[in-house]
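Below is one structure, written out as C-alpha cells; the observations come after it.
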Amino acid sequence: MPPPFIPLQLMPQQVNVSTEDDWTGTSDPRARKKMQDRIHQRIRRQRMKGISRPPRMPNPQSFFDEHQLSTATSFSGDFIEVEPLSIYSFTACEPESERTERFIIHFSTRVHADFTNGSPRADMLLNLVQFNTTRALVMNARIMNITSELMLPDARSRLPCHAIEGAATIPSVPSSLQPTHLQLTISHHPWVDILPLPEIRDNILRRDENSYDKKALCRDLRGFQDVANGLGGMIVWGDPSDSEAWEVTEAFASKWPWVIQDCSRLLESTRHWRSIRGES
C-alpha cells in the first residue's frame with residue numbers, strides 16, 4: 001500500500017502570479033528579492049481587500065526549474081517506460097552520473113505528464129516531496145564538486161585539506177555551503193558538506209561517527225522516515241543552497257532532535273512555510 005497522500009498547498013509565489021513572478025529556483029538574490037517583494041505587496045493588498053483563496057494542489061513547476069521541465073517534456077513516452085520509476089533507488093551518492101541525471105529527467109517527465117493530464121497519483125505526490133529533497137542534495141553536491149568517488153562509504157571530505165593549504169573559503173560557493181571551522185578541522189564524510197545549514201553540519205560533526213546510524217539519518221532526512229501518518233524528513237521549497245527554502249517535519253525533529261539543535265534558521269523557515277499553509 002502506498003504511503004498516504006499529504007496535500008500540499010501552493011507556496012506564495014505560485015498563488016495568482018505569472019510565470020515570471022515565480023522565484024522558485026532563482027539563484028540571483030537580487031532578482032529573487034525583487035520578485036518576492038512584488039508578490040508580498042500583492043498578497044498584502046489582497047488581505048486588505050479580504051480576499052482569500054482556497055488551497056490548491058502543488059504545481060510541478062514549483063519543484064523543477066525551467067531547464068529540467070523543457071528537457072523532460074522533450075522526451076517521448078517510450079523513454080518513460082525504459083526504466084521503472086523507483087524513488088527508493090534515487091540517492092545523492094552519484095551526483096554527477098548519467099544515471100542520476102536520467103532519473104531526474106525521467107521522474108520530472110512522469111510527474112509533469114501526470115499533472116498536465118490532471119491525474120496525479122497519490123503515491124507520486126508524496127514521492128515528489130522525497131524526490132525534491134534528494135535532488136536538492138544532488139544539486140548541492142555538484143556545487144561542492146563532490147563526485148561519486150567522494151560519496152563512497154569510506155570517503156573523506158577534502159575540506160580539511162583546504163584548511164591546511166590556507167583556504168578557508170571556496171570561491172563561487174554560496175554562503176550557506178561555505179565550510180565551518182569544524183568542517184575544516186575534523187575528518188568526516190563528504191555527505192555532511194552538502195547540507196545548506198551550518199548548524200546541522202556542526203551538530204553532526206560534534207558526534208562520534210559510530211554513535212549513530214548514518215544510513216538511517218540520511219534516509220530519514222530525505223523523507224523515507226517510517227511515519228504513521230504525515231511526512232518525515234526535510235522538505236525543500238526553493239533553491240537547494242538556500243537554507244530558508246528548507247523545512248523540517250515534526251517526525252524528523254522528534255527522532256533526531258540533536259541534529260537540529262540550535263538551528264534557529266531552520267526553525268524560522270519551518271515556521272514560515274507552515275504558517276503559509278495555515279498550520280501552527
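For the sequence shown, the UniProt record's numbering gives the first residue as 1, with consecutive numbering after it.
All residues carry an ideal CB built from backbone N, CA and C; glycine is no exception.
Checking 8 Å against the spacing of the C-beta atoms, do Pro95 and Ile146 come in under that value?
yes
Since Glu247 sits in a beta bridge, which residues does DSSP pair it with? Ile235
| said: Can you tell me whether Cys263 is buried or exposed? The criterion is at least 16 other CB atoms within 10 Å of its CB, across all chains shown. | reply: buried
Where do the ends of the alpha helix (DSSP H) carrying Ala113 lie? Glu98 to Thr116
Limits of the unbroken alpha helix (DSSP H) element including Asn203: Pro198 to Leu205
Buried or exposed for Ser176, going by 16 or more other Cβ atoms inside 10 Å? buried
Quick check on the burial criterion: 16 or more other C-beta atoms within 10 angstroms. Buried or exposed for Ser269?
buried
Original post:
On the premise that Ser241 lies in contact with Arg265, defined as a C-beta separation below 8 Å, what is that separation, rounded to the nearest angstrom?
Top reply: Not quite, the Cβ-Cβ distance comes to about 13 Å (not below 8 Å), so this is no contact.
Practice prompt. Return the CA-CA distance between Asp22 and Pro174, expressed in angstroms with no decimal places.
Written response: Confidence in Asp22 is poor, its pLDDT being 44 and thus under 50, which makes the residue's placement too unreliable to answer from.
Measuring straight from C-alpha to C-alpha, what distance separates Thr134 and Ser187? 24 Å
In the structure shown, what three-state DSSP assignment does Leu177 receive?
helix
To the nearest angstrom, how far is it from the Cα of Trp273 to the Cα of Leu159? 32 Å
**Q.** Euclidean distance between Cα positions of Arg277 and Cys161
**A.** 44 Å
- Query: Which word fits Trp256, buried or exposed, when buried means at least 16 other C-beta atoms lie within 10 angstroms of its C-beta?
  - Reply: buried
When the distance is taken between beta carbons, is Gln261 closer than 8 Å to Asn210? no
Check each candidate in Phe115, Met234 and Val227 and name the one with the smallest Cα separation from Ile200. Met234
#### Entry: For Leu267 and Val248, the rounded distance between their alpha carbons
8 Å
Original post:
Should Pro198 go down as buried or exposed, given a rule of 16 or more other Cβ atoms within 10 Å for buried?
Top reply: buried
Practice problem: Leaving aside the five residues before and after Gln178 along the sequence, list all residues of the same chain whose C-beta is less than 6 Å from its C-beta, in chain order. | Solution: Thr169
Tell me the rounded alpha-carbon separation between Gly118 and Ile104. 21 Å
Exercise for the section: Taking Glu279 as the reference, give the member of Trp258, Glu250, Asn127 and Tyr88 with the closest Cα. Expected result: Glu250
### Assigned secondary structure, Ala155 (DSSP; H/G/I helix, E/B strand, else coil)
coil
Query - Selection from Glu98, Ala92, Cys218 and Leu128 that minimises the alpha carbon distance to Thr109 - result: Leu128
**Report entry** Three-state class that DSSP yields for Gln130 in the structure shown
**Finding:** helix
_How far does the alpha helix (DSSP H) with Ser275 in it extend, from its first residue to its last?_
Ser264 to Ile276
Do you know how far the Cα of Ser89 is from the Cα of Ser254? 26 Å
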